[in-house]
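Chains as they are written, first to last, in my numbering: chain Z, 1 to 403; chain R, 404 to 806.
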């Protein structure tokens, strides 16, 4: 397996595009994205567990109920959520793009992201669709740009891998960067692959993967109403279709996880206002659940996040967040270290502080990517969670998001 | 029942003091507080549920196991938590103050608040204790000041009420203002009363009260390691001792709740960096639990809190926070309004947005105390939770708390 260029267009048969259609007032900001597979693909999705769901979630669920999809349409600038006519608008988006592409409206994955509770006008979308289809090409960038909201960078990655002697490719794009605290689903992520895999195995791979990838990311503790991850697999790589567990399935899962983990790190690192990517690595837990609970509790702590912004080795906040996580841990066995490109510094041993150089700690914590290493010393399970620091800019961005 | 002056010294037989003993470097900041009852009092406490507990919590639990206490000693500037010798230091604090007061060391409630994981030196405390005892007087202010950390205002309140024709008094002091997300306990709150009430009934009253008072406050979602609420009742009001439920007990609970609710509002309003007190009032829930879950979820949402800082009527974030709260609600029945001294504005009806004047909304949300009113329209239960907005100053305060 190796990282390659191409993003969602790395896999055979996929093209993509992004245009400004007018949902956003800023004309330099693309707001409508399309991903198209020349061949109908098996499709798997996971969705937000928020009871308040965007209308596109409901429509997509219906459309992929048969296990197939051929295109993704996604707008930014408006979440099409908590609107009286949301379902109608989402269905209309599917009909319009399907007609232009000459495919069935029930083969469309539809998604929206942006402000909640404002009516989404179909007019600019209808107007933009012909250009959107015309612009389709083997280039990820415009689509990746068009799904961005407060994101500061496009999030795109791809890998190649081999199944039964055939080269397969897989790639994805994602948008963060606020209202990020996925629970059995995630922000918006669209993955494409030319690997041949049955819908059942594709869903199995995705549902398992999100547990250790997107569900381990938190920017601000707020689970979005419009979270969705979709994977389309069109089979054009020509490998023998994966229909059961085994070496081929494992290889596919590994490639999928490379894409999703890469996107997780990008999403967390580009969290709203973030200056640092935080990675909390827990080991020595007595169960997987304990490791997950502890790592997520630390990554979600506002106090810990603010301390990391200030490059302050305030490990007491790490202990505090472990203590209230709900996990049953032996506090007196916990070790904590901070690590980055500048080195590693141990700050807590057996649940109590140890002497350390504040100067070196500052150096370690001034880097852009910080690992907090937590050893529970009570077993063999581990977990990794991703987040970001809490900064002035988070407050600024969210103090006047709508205006 | 009426509000009176006097704080923790309003009730007969209680005196208090606060000094700078040298735990903090800033000599103008008091860091050691004492509350003393001339008569041994029945005592009830609730404590943090954080598994990482400050050493003073453990020592206090032992000391009040017999149901009695006569004094509270509390330092700020150091939490005496996650230290190898924490218990020893907390016990030493009890011995020293007990000796100076001429009472038993097991009648002391001891508390600490400040940085976690730094050894607490007993020397300045030992040195400060004689002055602390000498300064005892019928004045709440110095003690209220000495327990403050990042608090910007002293938190103090008292009420008088009548039991069987006898006037009783009750008062309390509290410290916030970060790491505030109590769970079956709270930040530091010390309540005194001269009402005669058995230990069993006092504990019952307190344990019940915190469910609707301190457990409904969140500043930042971080449950502290040192949370504690204690009540001492010395019986000097001369009423017939309350030993069972009934009208007298109800009257006492009402007075206790007046004190605790007042302190809750003060703590939330003085949350770290806060510019606004947020009060989330839920009604029409199908159970008390649903009402509690919904109100706390909204008050804890970073996105909602940042929107309130920006006076942005972004009600979609309220819906979002209800949706991921875990409560089983019918989204399509939810109404949301914002209310303050400037008026009320309805923004969401039946789970969807309604037209409203952004100008009036801005006026409503520019006030210092904001109510978000949520009607679930599914039953007769309600709950109120308190919090504050998320501001630049929260980040600033917590980016370099230790330095």
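Each residue gets a CB set at the ideal place from its N, CA and C atoms; glycine is no exception. Just so you know, these numbers come straight off a predicted model, no measurement behind them.
When DSSP states are grouped into helix, strand and coil, residue 481 of chain R belongs to the strand group. At least 9 Å separates the CB of residue 104 of chain Z from every CB of chain R.
Rounded to the nearest angstrom, the gap between the Cα atoms of residue 485 of chain R and residue 456 of chain R is 8 Å. Partner residues in the beta bridge of residue 756 of chain R, as assigned by DSSP, are R/751.
The region 450 to 502 of chain R is shown to contain whole alpha helix (DSSP H) runs of 4 or more residues at 458 to 466, in chain order. For residue 195 of chain Z, the three-state secondary structure derived from DSSP is coil. Given a length threshold of 4 residues, each whole run of the alpha helix (DSSP H) inside the region 254 to 337 of chain Z is given here in chain order: 288 to 300, 302 to 309, 316 to 323.
Taking one beta carbon from each stretch, the region 640 to 660 of chain R and the region 754 to 767 of chain R have fewer than 3 pairs nearer than 8 Å; the two do not touch.
Take the alpha-carbon of residue 418 of chain R and the one of residue 774 of chain R: they are about 37 Å apart.
In this chain, residue 134 of chain Z is not harboured by any beta strand (DSSP E); it is covered by the alpha helix (DSSP H) spanning 122 to 134. Residue 203 of chain Z has its alpha-carbon roughly 24 Å from the corresponding atom of residue 727 of chain R. If you look at residue 636 of chain R, you'll find it in the beta strand (DSSP E) that goes 631 to 636. Residues of the same chain with a CB within less than 7 Å of the CB of residue 301 of chain Z, apart from the 5 flanking positions on each side, are 317, 321 in chain order. Contact with chain Z is absent for residue 791 of chain R, since none of that chain's Cβ atoms lies less than 9 Å from the residue's Cβ. Inside the region 353 to 396 of chain Z, DSSP marks whole alpha helix (DSSP H) runs of 4 or more residues at positions 358 to 365, from first to last along the chain.
Put simply, the CB of residue 624 of chain R is near chain Z, with a gap under 9 Å to one of its CB atoms. Put simply, the region 486 to 496 of chain R does not touch the region 392 to 399 of chain Z. Fewer than three CB pairs are less than 8 Å apart.
Counting C-beta atoms within 10 angstroms of its own C-beta, residue 526 of chain R has fewer than 16 neighbours from the protein chains shown and is therefore classed as exposed. When 7 Å is used as the limit between beta carbons, residue 794 of chain R is near these residues of chain Z: 395, in chain order.
Rounded to whole angstroms, residue 80 of chain Z and residue 126 of chain Z show a C-alpha spacing of 15 Å.
In the three-state reduction of the DSSP assignment, residue 654 of chain R falls in the helix class. Comparing C-alpha distances from residue 500 of chain R to each of R/477, R/781, R/603 shows the shortest one belongs to R/477. Look at residue 575 of chain R here: in three-state DSSP terms it is strand.
Within the region 704 to 721 of chain R, 704, 705, 706, 707, 708, 709, 710, 711, 712, 713, 714, 715, 716, 717, 718, 719, 720 place their CB atoms closer than 9 Å to a CB of chain Z, listed in sequence order. Across the region 106 to 119 of chain Z, CB contacts with chain R closer than 9 Å involve 115, 116, 117, 118, 119, in sequence order along the chain.
Look at residue 51 of chain Z: its C-beta is under 9 Å from a C-beta on chain R. Listed along the chain, the chain R residues whose CB falls inside 9 Å of the CB of residue 191 of chain Z amount to none; the nearest CB is some 24 Å away.
The C-beta separation of residue 741 of chain R from residue 768 of chain R comes to about 6 Å, placing the pair in contact by the 8 Å criterion.
For the 9 Å CB-CB criterion, residue 217 of chain Z and residue 385 of chain Z form a contact.
Under DSSP, residue 40 of chain Z shares a beta bridge with no residue. The residues 778, 779, 780, 781, 782, in chain order, have a CB closer than 7 Å to that of residue 687 of chain R in the same chain once the five nearest residues on each side in sequence are set aside.
Those residues of the region 220 to 246 of chain Z placed with their C-beta closer than 8 Å to a C-beta in chain R are 220, 221, 222, 223, 224, 225, ordered along the chain. Neighbourhood of residue 801 of chain R in chain Z, by CB distance below 7 Å: 303, 306, 307, in chain order. Contact between the region 155 to 169 of chain Z and the region 252 to 266 of chain Z is present: three or more C-beta pairs spanning the two stretches fall below 8 Å.
Closer than 8 Å at the C-beta level to chain R, one finds these residues of the region 67 to 99 of chain Z: 79, 81, 82, 83, 84. The residue from Z/233, Z/37, Z/146 with its alpha-carbon nearest to that of residue 20 of chain Z is Z/146.
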